[in-house]
DNA sequence: AGAAATCCGAGTAAATTAGTAGGAGTTGAA
DNA sequence: TTCAACTCCTACTAATTTACTCGGATTTCT
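Residue numbers (our numbering), protein chains in the order written: chain V, 337 to 479; chain D, 337 to 479.
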C-alpha cells in the first residue's frame, strides 16, 4: 500500500507553489524544473487540483497558478483526496457491493477498512499545507 | 490508495481459519469454498503467512492449516504487513533514497508519509484477529 | 497404492500507473 | 499585430503491478 506519484508529486508541487508564491502566478514549468517533474505530467495534476478548487489559474503569457485559499485552509487530505481518489475504500469485497454481504451492512473486514480509513483521515486532515510550506522554507526546498 | 486482494482475501481467510478451527487442521480448499476465493490463489497467500510464522501447516491427506498463535496474539497489522508489504512506504521520492534529499534525513513530504503511516499502524495493530473472529461468529460468516 | 493435501515456481492476462505527444485557445508584451 | 509564454484538453503508449492460472513435486493418512 503506497501513495502513487500523483499524490507525491502533487503534494510537492503544492508545497512548492506555496513557497514560491509572491504576487505573480507561478508557472508549471518553473515548478517542474525545481521539483524535477515532467511538465506535462504536472499539467495533468494541476488540472485536477484546479477542478477541485484548490488552485486558481491565470492563462496566457506570464500566467500560472496560485493557491485558491490560504495555505492554512488547505489540508494535506484535501490534496491527496483529489489526486489519489478515495484514500481508502471501505467496501468489503472490492469496489462494489458484493453478493456475499448485500443485506447486512455489517461485515467483518469492512470494519477493519473503516478503522484504517479513520486513521489515515485523522492524519492527513490535521496536517495543513501551511505547516509544510513553513518547514520547507526553513530547510532549503528539497524533495 | 487501497488494499489489494492479497490483503482482503488473506484477512478473510485468516478470520475463516479462526472461526472453523477445531482440533483438526483446516484445508485451503474448504476456506476457498466458503470464502469464494480461488484455491490456487489462496495457496500463495498461505505460503506467505506460513513463512511469516502466522500459521502452521500439516502436510499430507487430512492436512491443512492452523493458527500459529492464539488469535488474541495476532493483530490485523501482522497479517496485512505480510500480505501487503510495508503498509506505507515512508521514503520521500519513491522506493529508494533520492538524490534530491540524500544528505538531510529531513524532507517535507517524508514527514507526511510518516504521519500517515503512524495513523495506519495505530489502527491495524490494535485490531486483533480474535475480535474479528468473535464478530464473525455472531454474524453468520459472510464476506 | 492412491487420494488428499501442502508446496513451489513459472507463466500470463488484465488492470492500473506513469508519462508522452500534439495541438487548440488565451494573453501580455515587444 | 505578431510572437512567445502560458494554460488547457484529450488521446495514446509504455511500464509496472496485480491477480490470477497451471503443472508438477512432495508428503502423509487410510
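Using N, Cα and C, we set each Cβ at its ideal position, and we do this for glycine too.
Computed from a predicted structure; not experimentally measured.
The alpha-carbon of residue 372(D) is positioned some 33 Å away from that of residue 419(V).
Within 7 Å of the CB of residue 368(V), no CB atom of chain D is found; the nearest one sits about 14 Å away. Fewer than three Cβ pairs drawn from the region 378-388 of chain V and the region 341-360 of chain D lie within less than 8 Å of each other, which leaves the two stretches out of contact. In the DSSP assignment, residue 394(D) forms a beta bridge with 400(D). Just so you know, the alpha carbons of residue 443(D) and residue 397(D) end up roughly 55 Å apart. Taking a C-beta distance under 9 Å as the contact criterion, residue 391(V) and residue 465(V) do not qualify as a contact pair. About 21 Å separates the beta carbons of residue 416(V) and residue 448(V), which is beyond the 8 Å limit, so they are not a contact pair. Using a Cβ distance threshold of 9 Å, residue 423(D) and residue 337(V) count as a contacting pair. With a cutoff of 9 Å on beta-carbon distance, residue 452(D) and residue 367(V) are scored as not near each other. Under the rule that a run must span 3 or more residues, no beta strand (DSSP E) segment is found entirely inside the region 343-378 of chain D.
Taking 9 Å as the threshold, the shortest C-beta distance from residue 388(V) to chain D does not fall below it. The continuous alpha helix (DSSP H) containing residue 461(D) extends over residues 444-462. Taken through DSSP and simplified to helix, strand or coil, residue 340(V) comes out as coil. Per DSSP, reduced to three states, the secondary structure at residue 425(V) is coil, with no helix or strand assignment.
In this structure, residue 463(V) lies near residue 413(V), with their beta-carbon atoms less than 9 Å apart. For residue 411(D), DSSP records a beta bridge to 464(D).
Our two residues, residue 445(V) and residue 411(V), have alpha carbons roughly 28 Å apart in a direct line.
Close to chain D, meaning a Cβ-Cβ distance shorter than 9 Å, are the following residues of the region 349-368 of chain V: 351. For residue 342(D), there are no C-beta contacts with chain V under 9 Å, since the nearest C-beta of that chain is about 10 Å from it.
Around the beta carbon of residue 364(D), 16 or more other beta carbons sit within 10 angstroms, so the residue counts as buried. A residue is called buried once 16 or more other Cβ atoms fall within 10 Å of its Cβ, and residue 472(V) is buried on that count.
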